[in-house]
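Report on the following structure.
Structure, rendered in structure tokens:
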């Protein structure tokens with residue numbers, strides 16, 4: 001086969017494998033990594049027999065990735081066998097073309113390099129609905145995630161953050177669900193200034209916009225950004241796939257921000273995926289009376305998350321590429337902020353309405369008359385003290 | 001002099017010194033530590049000359065405590081001289097007795113041992129208004145601090161925390177000011193179960209209840225708890241003394257909790273004192289739209305503070321003596337929490353209304369029929385799957 005044909009065959013093989021194996025099927029991913037996608041598919045479908053050497057390699061690879069005991073390839077083959085008859089990768093690829101999309105595999109120019117940080121958990125391929133625009137690097141991408149049952153607080157914070165991140169050219173990744181996810185996509189679509197304002201990573205196939213209440217929104221995300229999934233068209237969004245999908249959201253972005261989450265929430269799962277691969281996690285604080293902030297506070301308490309209250313703080317977590325922004329909460333410095341202890345004591349001793357002599361000030365302040373005179377000079381220069389007929393008072397700024 | 005007379009003389013000397021020197025007068029504290037209170041007072045008032053040896057000792061002591069350059073005892077003497085004529089320690093001690101209080105010095109049985117953690121910054125004495133009840137150990141004492149201009153959120157959180165801490169027998173320390181401080185004292189007075197429910201540490205003399213709007217509250221604190229200050233009766237609560245007072249609040253308690261604070265706030269100063277002497281700092285999260293929570297979020301971001309959302313979390317910070325409390329936010333574990341990945345996938349594949357055969361489930365779940373059968377057995381035992389005429393569906397709990 002010439003290289004182009006090999007590449008095409010590899011692509012078709014990965015399309016098939018992504019239907020055969022559930023996301024993050026450790027044995028399957030190890031098989032593909034060891035034998036390659038083409039032979040891996042032939043082995044997985046029973047057309048080729050895996051020798052003991054290959055099996056040993058897979059065992060070592062799995063052991064190196066935390067799977068200590070592996071029942072062996074036979075058990076996996078049994079798991080995959082029921083789906084072999086359903087494989088139709090060319091049909092799936094055609095479907096994507098028809099939907100104005102494509103499928104990408106590791107090594108493609110369009111493949112997001114940051115997914116390599118998932119190691120053996122890197123997906124076999126991505127099914128992508130939307131225009132052919134490059135997916136930004138991790139440091140230009142922020143994940144905003146949270147509960148479906150968001151409060152008005154969560155909605156407003158998410159909308160503001162997504163809009164503000166969009167204005168700074170960041171891509172906002174989320175999961176396309178109701179609540180925080182939807183507000184994140186919407187805010188990014190309206191604020192976005194870059195070529196890909198937002199990405200929705202789905203747990204099911206991208207042929208269907210799920211949940212149906214978000215259909216219009218997800219269509220807009222596909223038109224202006226990207227809708228991605230690692231499962232092929234037609235796949236149902238099962239609970240298991242939701243949990244695995246979260247690792248892709250975490251891996252695409254430099255920072256995962258949890259805006260609102262209950263004590264138990266899928267958003268915390270995304271945060272843990274982010275931590276696992278060394279990405280930053282931000283959590284938005286909220287009222288301690290709001291159950292929808294309990295998960296965020298849990299993340300803050302556990303020490304894994306950084307408290308974020310504005311877009312500037314999120315950008316800071318994303319690293320040096322984030323433009324520095326003046327902290328808008330910074331209140332103007334008080335005039336007496338830089339004073340020495342002695343001058344602060346003296347300032348305290350100065351009357352506001354009447355005036356006071358140097359000797360009197362020395363007693364009140366507990367300073368020598370010389371120190372009082374020197375201090376009054378300094379305070380006078382700063383506009384904090386004023387003299388009237390040889391006696392002193394605090395000036396209006398003091 | 002016999003020992004008792006020496007002790008009385010020392011007490012009178014410290015009473016005088018506390019009027020002569022401002023709180024945390026480094027040179028003064030070093031002088032007392034080096035020469036003792038009695039000779040220290042004689043030197044500070046010019047009755048005794050400090051030899052070069054003593055001066056060298058003070059210089060070393062100050063250098064060891066971070067004061068690199070010291071102008072020498074002469075400069076300090078000039079600072080203290082204007083107040084020498086005003087000293088009347090016996091009168092001050094009589095005043096305290098008349099107010100139903102006392103003055104305590106390090107070494108007294110009633111002296112709170114935890115103040116020793118302040119090192120050279122330990123106060124010379126404490127002026128104490130209230131009954132003669134032991135001040136609890138740090139691990140039974142919690143500081144609740146925050147802004148004067150508290151919001152209704154801050155008021156309710158502070159009240160709840162103080163009441164709950166009181167119910168658990170903790171002593172609540174605060175600064176007697178309006179806002180968070182007042183809510184802390186009030187909550188502790190109503191919830192308190194121990195012999196000293198609350199302590200107010202004042203910046204000015206304890207003869208006057210300041211601010212006047214808190215007079216009734218502070219009278220109640222003195223009656224049921226304690227009102228303390230390191231400055232003698234009649235001293236004005238200057239800005240400088242407020243800042244120094246904060247170190248006493250921090251040192252008395254094992255944990256300083258900042259409930260509400262602006263970006264710049266005296267409460268942050270208390271938190272930094274606490275950090276400096278290795279005490280735990282808690283910060284209460286709030287809305288990112290509330291300027292009164294910006295200081296708390298700043299503490300959380302800087303990494304020095306732990307996010308606290310209830311009394312149990314505060315008690316946890318106070319250490320092992322805090323009674324463990326079940327986390328009331330803990331939601332009941334979902335039935336599927338402990339499942340293996342395979343069983344989770346299988347559970348997802350089980351239909352809710354119709355039923356499905358083992359072979360069909362094998363295809364949908366991507367598992368071998370043997371695995372499906374084994375998994376259905378496990379799910380059935382957990383009450384998550386149910387069989388009807390040889391086919392399977394999810395049971396109501398699944």
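Residue numbers (the UniProt record's numbering), protein chains in the order written: chain A, 1 to 398; chain B, 1 to 398.
All C-beta atoms, glycine included, are put in the ideal place defined by N, C-alpha and C.
Compare the beta carbon distance of residue i and residue j with 8 Å and say whether it is the shorter of the two.
| i | j | result |
| --- | --- | --- |
| residue 261 (chain A) | residue 176 (chain A) | no |
| residue 197 (chain A) | residue 171 (chain A) | yes |
| residue 148 (chain B) | residue 179 (chain B) | yes |
| residue 79 (chain B) | residue 366 (chain A) | yes |
| residue 348 (chain A) | residue 240 (chain B) | yes |
| residue 101 (chain A) | residue 206 (chain A) | yes |
| residue 118 (chain A) | residue 249 (chain A) | no |
| residue 226 (chain A) | residue 139 (chain A) | no |
| residue 285 (chain A) | residue 285 (chain B) | yes |
| residue 201 (chain A) | residue 243 (chain A) | no |
| residue 93 (chain B) | residue 129 (chain B) | no |
| residue 168 (chain A) | residue 308 (chain A) | no |
| residue 233 (chain B) | residue 127 (chain B) | yes |
| residue 317 (chain A) | residue 141 (chain A) | no |
| residue 393 (chain A) | residue 346 (chain A) | no |
| residue 295 (chain A) | residue 315 (chain A) | no |
Around the C-beta of residue i, are 16 or more other C-beta atoms found within 10 angstroms, so that it is buried, or is it exposed?
| i | result |
| --- | --- |
| residue 212 (chain A) | exposed |
| residue 319 (chain A) | exposed |
| residue 321 (chain B) | With a pLDDT of only 49 at residue 321 (chain B), under the threshold of 50, the placement of this residue in the model should not be trusted; the figure read from the coordinates follows. Looking at its Cβ environment, which holds fewer than 16 other Cβ atoms inside 10 Å, residue 321 (chain B) is exposed. |
| residue 86 (chain B) | exposed |
| residue 273 (chain A) | buried |
| residue 56 (chain B) | exposed |
| residue 371 (chain A) | buried |
| residue 298 (chain A) | buried |
| residue 107 (chain B) | exposed |
| residue 402 (chain B) | Not covered by the structure: residue 402 (chain B). The range shown for chain B is 1 to 398. |
| residue 332 (chain A) | Only weak support is given to the placement of residue 332 (chain A): the predicted model assigns it a pLDDT of 48, under 50, and the value that follows is read from those uncertain coordinates. By the neighbour-count rule (16 or more Cβ atoms within 10 Å), residue 332 (chain A) is not buried but exposed. |
| residue 45 (chain B) | buried |
| residue 343 (chain B) | buried |
| residue 63 (chain B) | exposed |
| residue 292 (chain B) | buried |
Alpha helix (DSSP H) containing residue i: first to last residue?
| i | result |
| --- | --- |
| residue 266 (chain B) | 266–276 |
| residue 12 (chain A) | 3–20 |
| residue 260 (chain A) | Residue 260 (chain A) -> not in any alpha helix (DSSP H); beta strand (DSSP E) instead, spanning 255–260. |
| residue 32 (chain B) | 26–35 |
| residue 363 (chain A) | 358–365 |
| residue 311 (chain A) | 311–318 |
| residue 349 (chain B) | 341–349 |
| residue 372 (chain B) | 369–381 |
| residue 251 (chain B) | 239–252 |
| residue 294 (chain A) | 294–302 |
Give the single residue among the options whose Cα lies nearest to the Cα of residue i.
| i | options | result |
| --- | --- | --- |
| residue 184 (chain A) | A:248, A:95, A:114 and A:258 | A:258 |
| residue 109 (chain B) | B:297, B:284, B:57 and B:7 | B:7 |
| residue 166 (chain B) | B:195, B:111 and B:342 | B:195 |
| residue 190 (chain B) | B:160, B:92, B:253 and B:174 | B:160 |
| residue 281 (chain B) | B:301, B:256 and B:287 | B:256 |
| residue 124 (chain B) | B:43, B:115 and B:137 | B:115 |
| residue 48 (chain B) | B:293, B:60, B:77 and B:126 | B:77 |
| residue 81 (chain B) | A:303, A:151, A:361 and A:377 | A:361 |
| residue 83 (chain A) | A:300, A:22, A:307 and A:113 | A:22 |
| residue 290 (chain B) | B:150, B:14, B:339 and B:246 | B:150 |
| residue 144 (chain B) | B:192, B:283 and B:2 | B:283 |
| residue 186 (chain A) | A:193, A:158 and A:204 | A:158 |
| residue 153 (chain A) | A:15, A:394 and A:288 | A:288 |
Where do the N-terminal and C-terminal ends of the beta strand (DSSP E) with residue i fall, by residue?
| i | result |
| --- | --- |
| residue 103 (chain B) | 101–104 |
| residue 394 (chain B) | 391–394 |
| residue 126 (chain B) | 126–129 |
| residue 387 (chain B) | 385–388 |
| residue 283 (chain A) | 280–283 |
Only counting runs of 4 or more residues, tell me where the alpha helix (DSSP H) segments fall wholly within the region 182–231 of chain A, in order along the chain. 215–224
Give, in chain order, every unbroken run of the beta strand (DSSP E) that is at least 3 residues long and sits entirely within the region 60–106 of chain B. 101–104
Pick out the complete beta strand (DSSP E) segments inside the region 126–178 of chain B, 3 residues or longer, and give them in chain order. 126–129, 141–146 and 171–174
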